[in-house]
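Visitor:
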Amino acid sequence: MRRGRFTGYWLMLPAALWLALFFVIPFYSLLATSLYDPEGSVLTGYDVTYHFANFVDALDDFWEPLLRSLWYAAVATAICLVLGYVLAYAIAFKAGRWSSLLLVLVIAPFFTSFLIRTLSWKLILADDGFVVDTLQFLHVLGDDSRLLATPVAVIAGLVYNFLPFMVLPLYASLEKIDGRLIEAAGDLYASPSRGFLKVTLPLSKPGVIAGTLLTFIPAAGDYINASLLGSPNQRMVGNVIQNLFTSTGDYAAAGALSVILMAIIVAMVMVYIRTAGTEELV
Amino acid sequence: MTGLQRAGRWIGEHLVLALGLLVMVYMFVPIAVVMLMSFNDNSKSRNVYAFQDFTWSNWAHPCRPNGMCDAVVRSIEIGLLATLVATILGSLAAFALVRHDFVGRSAANTVIFLPMASPEIVMGSSLLALFVASGFGGRLGFVTIFIAHVMFCLSFVIVTVKARLTGLDENLEQAAMDLYASEWTTFWRVTFPLVFPGVAAAALLSFSLSFDDFIITNLNAGQTVTFPMFVWGVAQRGIPMQVNVVGTVMFLISMFLVLGNMLATRKKVAA
Numbered sequence: 000m001r002r003g004r005f006t007g008y009w010l011m012l013p014a015a016l017w018l019a020l021f022f023v024i025p026f027y028s029l030l031a032t033s034l035y036d037p038e039g040s041v042l043t044g045y046d047v048t049y050h051f052a053n054f055v056d057a058l059d060d061f062w063e064p065l066l067r068s069l070w071y072a073a074v075a076t077a078i079c080l081v082l083g084y085v086l087a088y089a090i091a092f093k094a095g096r097w098s099s100l101l102l103v104l105v106i107a108p109f110f111t112s113f114l115i116r117t118l119s120w121k122l123i124l125a126d127d128g129f130v131v132d133t134l135q136f137l138h139v140l141g142d143d144s145r146l147l148a149t150p151v152a153v154i155a156g157l158v159y160n161f162l163p164f165m166v167l168p169l170y171a172s173l174e175k176i177d178g179r180l181i182e183a184a185g186d187l188y189a190s191p192s193r194g195f196l197k198v199t200l201p202l203s204k205p206g207v208i209a210g211t212l213l214t215f216i217p218a219a220g221d222y223i224n225a226s227l228l229g230s231p232n233q234r235m236v237g238n239v240i241q242n243l244f245t246s247t248g249d250y251a252a253a254g255a256l257s258v259i260l261m262a263i264i265v266a267m268v269m270v271y272i273r274t275a276g277t278e279e280l281v
Numbered sequence: 000m001t002g003l004q005r006a007g008r009w010i011g012e013h014l015v016l017a018l019g020l021l022v023m024v025y026m027f028v029p030i031a032v033v034m035l036m037s038f039n040d041n042s043k044s045r046n047v048y049a050f051q052d053f054t055w056s057n058w059a060h061p062c063r064p065n066g067m068c069d070a071v072v073r074s075i076e077i078g079l080l081a082t083l084v085a086t087i088l089g090s091l092a093a094f095a096l097v098r099h100d101f102v103g104r105s106a107a108n109t110v111i112f113l114p115m116a117s118p119e120i121v122m123g124s125s126l127l128a129l130f131v132a133s134g135f136g137g138r139l140g141f142v143t144i145f146i147a148h149v150m151f152c153l154s155f156v157i158v159t160v161k162a163r164l165t166g167l168d169e170n171l172e173q174a175a176m177d178l179y180a181s182e183w184t185t186f187w188r189v190t191f192p193l194v195f196p197g198v199a200a201a202a203l204l205s206f207s208l209s210f211d212d213f214i215i216t217n218l219n220a221g222q223t224v225t226f227p228m229f230v231w232g233v234a235q236r237g238i239p240m241q242v243n244v245v246g247t248v249m250f251l252i253s254m255f256l257v258l259g260n261m262l263a264t265r266k267k268v269a270a
């Protein structure tokens, strides 16, 4: 099938053009936006004045939501890793012939709107709802305390929304493990827990790296959970960027903040590529 | 072996599965709530956070909330168009990446991976920056949403079709050609039917990504309202229960298609 020297180029061209025009070039526009004259407005237009102070100003004004985003995303990723590992392990090794059905069920939540599911959490965690009542009855929560508008609610929402991104790569790498290796560990008198720590866990490392990145990145940029389940005290960097762009029209600050967020994430992905290589993730 | 040991072993064997199923339940609770609330009659009180009375009326009159059905139709239109374009361009690219060698192949693989690893807020604001800088800032709407959706669906299509193509036995195509089938006939009679489940899965994924997208769409939509934007708009005031009807219908249709695709694939493998 490898006929025609140029067939590959022709097949690749339309998708490559689309991604170049609407994914790669926009990053340059974003970079230019971040160097706009901060005095510009929607009415007077914007000039690129290489105003590098935008970055300093953005960090100065919004370091708090930025750090909060990274912190919430890190906690949510850690919880997702634990829950996702249990689920992926169960599907890969314990579910037998049900594994493909369970795998479909993992992606099933994707097919109900993200927003509707998050609103559903709002209802579950509501002040006079079942969860709060139970926790108050058990004295985990005080009589006046609530779950909505707390970091707990926002992180719970993030965990829920991004869990499938953790489970799928974990399952993919667990499923590839040769079961005989785990048996061999047992034959050599390793206890099941030791066998897990010395054989299964290291072999699933590519899945762990892929899963943590695919969970952390969207979680750090998300603002839907913070908006619907949190209060202004749980404002994340996504809320700020979105607001600056659509309500305030402060494109310079919004652009600078977006670039900062992307830079942090690119740095993380670079570390990832060094550790595992791109092909593994795709 | 004592009974205690045996019990310990049984728990060890089944504990992981039980915990895994618990995680699964956690994933489905909100969907169950959506389904339940689609039968909620909250006409007597403004409280949308509790189940008041059972009713069929949300299902009988799904279009009652102002503007909701228009938004659903618009999302379906954008979703179908974006899916069509992304599936075609993405499948072609997947063929190029799996079956052909060309300069820049590994660079292409990296660029394809990046949209899946970029936060939506950054992609959305970059695209908005491009549209504003090139003078389309005042003309945001259907077309700009469509452009954005094709962009983020492409990577997912390419990855899905690539996975299916990589697992395909090239000997089958070789056999067809040995039996004097032309390259064209081989493609339509052998390659395409074998790749089709992958293409179908990619199309389904694209449609649901497009239908569901909020963050990128919201930045590039101008005055155009898609279904997620409608939901966002009413979320502050208390959502109409019909939103849950749409959520339930979406879930049921896509589950039906996903399970159908799964069974069809399995039957072909078995045959």
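From first to last, the protein sequence lines stand for chains Z and X.
Under numbering that gives the first Met the number 0, the very last position in the first sequence is 281; numbers go up by exactly one each time.
Under numbering that gives the first Met the number 0, the very last position in the second sequence is 270; numbers go up by exactly one each time.
Every residue, glycine too, gets a C-beta built ideally from N, C-alpha and C.
If you draw a straight line from the C-alpha of residue 169 of chain Z to the C-alpha of residue 113 of chain Z, how long is it?
Guide: Sequence index remark: in the first sequence, residue 169 of chain Z carries index 170 (1-based). Sequence index remark: in the first sequence, residue 113 of chain Z carries index 114 (1-based). Straight-line Cα distance between these residues: approximately 22 angstroms.
Visitor: Run through the DSSP bridge pairs and tell me what residue 217 of chain X is partnered with.
Guide: Stepping through the second sequence from its first residue, residue 217 of chain X is reached at position 218. In the DSSP output, where bridge partners are listed per residue, residue 217 of chain X has none listed.
Visitor: Measure the beta-carbon distance from residue 116 of chain Z to residue 30 of chain X and round it to whole angstroms, keeping in mind my assumption that it falls under 8 angstroms.
Guide: Reading the first sequence from its first residue, position 117 is the one you call residue 116 of chain Z. Reading the second sequence from its first residue, position 31 is the one you call residue 30 of chain X. So it is a contact: roughly 7 angstroms between Cβ atoms.
Visitor: Candidates X:157, X:158 and X:217: which alpha carbon is nearest residue 126 of chain X's?
Guide: Looking up residue 126 of chain X in the second sequence gives position 127. It is X:217 whose Cα lies nearest to the Cα of residue 126 of chain X.
Visitor: What's the gap between the Cα of residue 97 of chain Z and the Cα of residue 136 of chain X?
Guide: Numbered from 1 along the first sequence, position 98 holds the residue referred to as residue 97 of chain Z. Numbered from 1 along the second sequence, position 137 holds the residue referred to as residue 136 of chain X. Rounded to the nearest angstrom, the two C-alpha atoms are 50 angstroms apart.
Visitor: Check each candidate in X:106, X:54 and X:189 and name the one with the smallest Cα separation from residue 175 of chain X.
Guide: On the second sequence, residue 175 of chain X is found 176 positions in, with the first residue counted as 1. Measuring from the Cα of residue 175 of chain X, the nearest candidate turns out to be X:189.
Visitor: Of all the options Z:185, Z:264 and Z:80, which has the alpha carbon lying nearest to the alpha carbon of residue 219 of chain Z?
Guide: Here residue 219 of chain Z corresponds to residue number 220 of the first sequence, with the count starting at 1. Nearest option by C-alpha distance: Z:264.
Visitor: Let's test the definition: count the other Cβ atoms within 10 Å of the Cβ of residue 120 of chain X and tell me whether it reaches 16, buried, or not, exposed.
Guide: Walking along the second sequence from the start, residue 120 of chain X turns up at place 121. Buried is the call here.
Visitor: Under 8 angstroms by Cβ, that's how I've got residue 236 of chain Z and residue 64 of chain Z pegged, so tell me the actual separation to the nearest angstrom.
Guide: Residue numbering aside, residue 236 of chain Z sits at position 237 when the first sequence is read from its first letter. Residue numbering aside, residue 64 of chain Z sits at position 65 when the first sequence is read from its first letter. Their Cβ separation, rounded to whole angstroms, is 5 angstroms, which keeps residue 236 of chain Z and residue 64 of chain Z in contact under 8 angstroms.
Visitor: Residues of chain Z with a CB under 7 angstroms from the CB of residue 227 of chain X: which are they?
Guide: Numbered from 1 along the second sequence, position 228 holds the residue referred to as residue 227 of chain X. Ordered by position in chain Z, the residues that pass the 7 angstroms Cβ test against residue 227 of chain X are 112 and 114.
Visitor: For a test of the three-state rule: what should DSSP assign to residue 41 of chain X, helix, strand or coil?
Guide: The sequence position of residue 41 of chain X within the second sequence is 42, counting from 1. Note: residue 41 of chain X maps to coil in three-state DSSP.
Visitor: CB-CB under 8 angstroms to residue 60 of chain Z, same chain, minus the five flanking residues each way: which ones, in chain order?
Guide: Counting from 1 along the first sequence, the entry for residue 60 of chain Z is found at position 61. Excluding sequence neighbours, residue 60 of chain Z sits near 252.
Visitor: For chain Z, find out if any of its Cβ atoms is closer than 7 angstroms to the Cβ of residue 88 of chain X; answer yes or no.
Guide: One-based indexing of the second sequence puts residue 88 of chain X at position 89. So, interface residue.
Visitor: Can you tell which of X:219, X:225, X:261 and X:162 has its C-alpha closest to the C-alpha of residue 25 of chain Z?
Guide: What you label residue 25 of chain Z is simply residue 26 of the first sequence in a count that begins at 1. The option with the nearest alpha carbon to residue 25 of chain Z is X:219.
Visitor: Return the chain-ordered list of same chain residues with a C-beta closer than 7 angstroms to the C-beta of residue 222 of chain Z, the five sequence neighbours on each side being excluded.
Guide: Locating residue 222 of chain Z in the first sequence gives position 223, where the first residue counts as 1. Closer than 7 angstroms at the Cβ level, and outside the excluded window around residue 222 of chain Z, lie 235, 237, 238 and 241.
Visitor: Anyone know if the C-beta pair for residue 89 of chain Z and residue 15 of chain X falls short of 7 angstroms?
Guide: Translated into positions along the first sequence, residue 89 of chain Z becomes position 90. Translated into positions along the second sequence, residue 15 of chain X becomes position 16. Yes, Cβ-Cβ distance for residue 89 of chain Z and residue 15 of chain X is below 7 angstroms.
Visitor: Just the Cα atoms here: how many angstroms apart are residue 75 of chain Z and residue 25 of chain X?
Guide: Translated into the one-based positions of the first sequence, residue 75 of chain Z becomes position 76. Translated into the one-based positions of the second sequence, residue 25 of chain X becomes position 26. Going from the Cα of residue 75 of chain Z to the Cα of residue 25 of chain X covers about 15 angstroms.
Visitor: Check the DSSP bridge columns for residue 222 of chain Z and list the partner residues they point to.
Guide: By 1-based counting over the first sequence, the position of residue 222 of chain Z is 223. Answer is none; residue 222 of chain Z lacks a bridge partner.
Visitor: If you follow the alpha helix (DSSP H) that residue 161 of chain X is in, where does it begin and where does it stop?
Guide: Translated into the one-based positions of the second sequence, residue 161 of chain X becomes position 162. From DSSP, the alpha helix (DSSP H) with residue 161 of chain X extends over 141-165.
Visitor: Could you name the residues that DSSP lists as bridge partners for residue 47 of chain Z?
Guide: The residue you call residue 47 of chain Z lines up with position 48 of the first sequence. Answer is Z:35, bridged to residue 47 of chain Z.
Visitor: Ignore the nearest five residues each way along the sequence and tell me which others in residue 92 of chain X's own chain have a CB closer than 7 angstroms to its CB.
Guide: Here residue 92 of chain X refers to the residue found at position 93 when the second sequence is read from its first residue. Result list for residue 92 of chain X: 157, in chain order.
Visitor: Starting from residue 94 of chain X, trace the alpha helix (DSSP H) both ways and give me its first and last residue.
Guide: The sequence position of residue 94 of chain X within the second sequence is 95, counting from 1. Here the alpha helix (DSSP H) through residue 94 of chain X covers 67-98.
Visitor: Could you please give me the residues that DSSP links to residue 50 of chain X through a beta bridge?
Guide: Within the second sequence, residue 50 of chain X is the residue found at index 51, counting from 1. Per DSSP, none; premise fails for residue 50 of chain X.
Visitor: For residue 270 of chain X, would you say it is in contact with chain Z, using Cβ-to-Cβ distances shorter than 7 angstroms as the test?
Guide: In the second sequence, the residue the question calls residue 270 of chain X occupies position 271. With a pLDDT of 48 at residue 270 of chain X, under the threshold of 50, the modelled position of that residue is not reliable, and the figure given next carries that caveat. Chain Z contact via Cβ: absent.
Visitor: Please classify residue 4 of chain X as buried or exposed, where buried requires at least 16 other C-beta atoms within 10 Å of its C-beta.
Guide: Working through the second sequence from its first residue, we reach residue 4 of chain X at position 5. Residue 4 of chain X should be labelled exposed.
Visitor: Skipping 5 residues on each side, what residues in its chain have a beta carbon closer than 8 angstroms to that of residue 69 of chain Z?
Guide: Numbered from its first residue, the first sequence carries residue 69 of chain Z at position 70. Result list for residue 69 of chain Z: 219 and 263, in chain order.
Visitor: So with CB distances below 8 angstroms, who are the chain Z contacts of residue 244 of chain X?
Guide: Indexing the second sequence from 1 puts residue 244 of chain X at position 245. Those within 8 angstroms of residue 244 of chain X in chain Z number zero; the least Cβ separation is about 10 angstroms.
Visitor: Measure the C-alpha to C-alpha separation of residue 282 of chain Z and residue 51 of chain X and round it to an integer number of angstroms.
Guide: Beyond the ends of chain Z as shown, which are 0 and 281, falls residue 282 of chain Z; an answer cannot be given.
Visitor: Is residue 97 of chain Z close to chain X? Criterion is C-beta to C-beta, closer than 7 angstroms.
Guide: The residue given as residue 97 of chain Z occupies position 98 in the first sequence. No, because no Cβ of chain X sits closer than 7 angstroms to the Cβ of residue 97 of chain Z.
Visitor: Does any residue of chain X bring its CB to less than 7 angstroms from the CB of residue 240 of chain Z?
Guide: Reading the first sequence from its first residue, position 241 is the one you call residue 240 of chain Z. Yes - at least one Cβ of chain X is within 7 angstroms of the one on residue 240 of chain Z.
Visitor: At which residues does the alpha helix (DSSP H) containing residue 93 of chain Z begin and terminate?
Guide: Position 94 of the first sequence, counted from the first residue, corresponds to residue 93 of chain Z. Counting along the chain, residue 93 of chain Z falls outside any alpha helix (DSSP H), and DSSP gives it neither H nor E.
Visitor: For residue 117 of chain X, does the three-state DSSP call read helix, strand or coil?
Guide: For the purposes of this step, residue 117 of chain X is taken as residue 118 along the second sequence, with counting starting at 1. Reduced to three states, the DSSP call for residue 117 of chain X is coil.
Visitor: Counting beta carbon pairs with one atom in the segment 166-183 of chain X and one in the segment 201-211 of chain X, are three or more of them shorter than 8 angstroms?
Guide: The segment 201-211 of chain X vs the segment 166-183 of chain X: no contact.
Visitor: So which of X:186, X:177 and X:196 has the shortest CA-CA distance to residue 262 of chain X?
Guide: Numbered from its first residue, the second sequence carries residue 262 of chain X at position 263. Of X:186, X:177 and X:196, the residue nearest in Cα terms is X:196.
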